[in-house]
Amino acid sequence: MEAHEWRVDDEQQMKQLGERLGSLLLPGDAVLLEGPMGAGKTTFAAGVGMGAGVAQPMTSPTYLLRQEHRGRHRVAHYDLYRLYAHPDRPETLDIEAVWALGMDDDLAGGAIVLIEWAGPVADEMDAYLRITIRPQGSAREVRAEAWGKRPETILKEWTAS
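Going by my numbering, the letters in the sequence shown line up with residues 2 to 162, in that order.
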């Protein structure tokens, strides 16, 4: 596993960091977004969308669970928060409901996949980038972990840009 950390001082920097990542992603790439409520997961995801060529603003799909956007490639943005019986306990995620949303088709190469509140979904995946966002006062610490060969390549290109 490869990892890298950044300090992000404001929302614009968060979007720019996501945008650089989004420019490197291809259908079948998965990005898992972790962090407490209000940490900046959706802001980061919006930046990824911009980098992937999505023209319309990306907002949180919390109540829809999944939103699809079009850019250079399809971008499937999931927010699994509502599928937890208790969001502070990862084992309470309704994993069957996750797959019923069509995530397996997206992961099979149909779309770039962004997953907020992914939790134990990672256990079902072979390769992904996990982005953990931690508030540090008004700033944020962003940690990226690459799990798998393709994510490691992406992380190396991202950190070199």
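Ideal Cβ placement from N, Cα and C applies to all residues, glycine included.
Bear in mind the structure is a predicted one, so any value in this text is a computation, not a measurement.
query, result
"Proximity to Lys42 [Cα-Cα], best of Ala56, Thr63, Pro28", "Thr63"
"Extent of the continuous alpha helix (DSSP H) run through Arg73", "Taken as a continuous stretch (DSSP letters only), Arg73 belongs to no alpha helix (DSSP H), as it is neither H nor E."
"Status (buried if at least 16 other CB within 10 Å, exposed otherwise) for Gly127", "Checking the sequence, you will find Asp at residue 127 rather than Gly. Exposed."
"Beta-bridge pairing of His87 - partner residues as DSSP gives them", "Answer is none; His87 lacks a bridge partner."
"Between the CA atoms of Glu92 and Ala53 - distance to the nearest angstrom", "32 Å"
"Bridge partner(s) assigned by DSSP for Gln14", "Beta-bridge pairing links Gln14 to no other residue."
"Local conformation of Thr63 per DSSP, three classes", "coil"
"Beta strand (DSSP E) segment containing Glu92, residue limits", "Unbroken run through Glu92: none, as it is neither H nor E."
"Contact set for Gln17: own chain, Cβ-Cβ below 8 Å, skip 5 residues either direction", "Gly48"
"Segments assigned alpha helix (DSSP H), at least 4 residues, entirely inside the segment 93-144", "96-101"
"Cβ separation of Arg131 and Ala123, assumed to be a contact under 8 Å, to the nearest whole Å", "7 Å"
"Cut-off 7 Å between Cβ atoms - residues of its own chain near Asp105, not counting five sequence neighbours on either side", "none"
"CB contact flag (Glu6, Arg141, <7 Å)", "no"
"Identity of the residues DSSP links to Gly153 by a beta bridge", "As written in the sequence, residue 153 is Glu, which differs from the Gly given in the question. BP columns for Glu153 are empty, so no partner."
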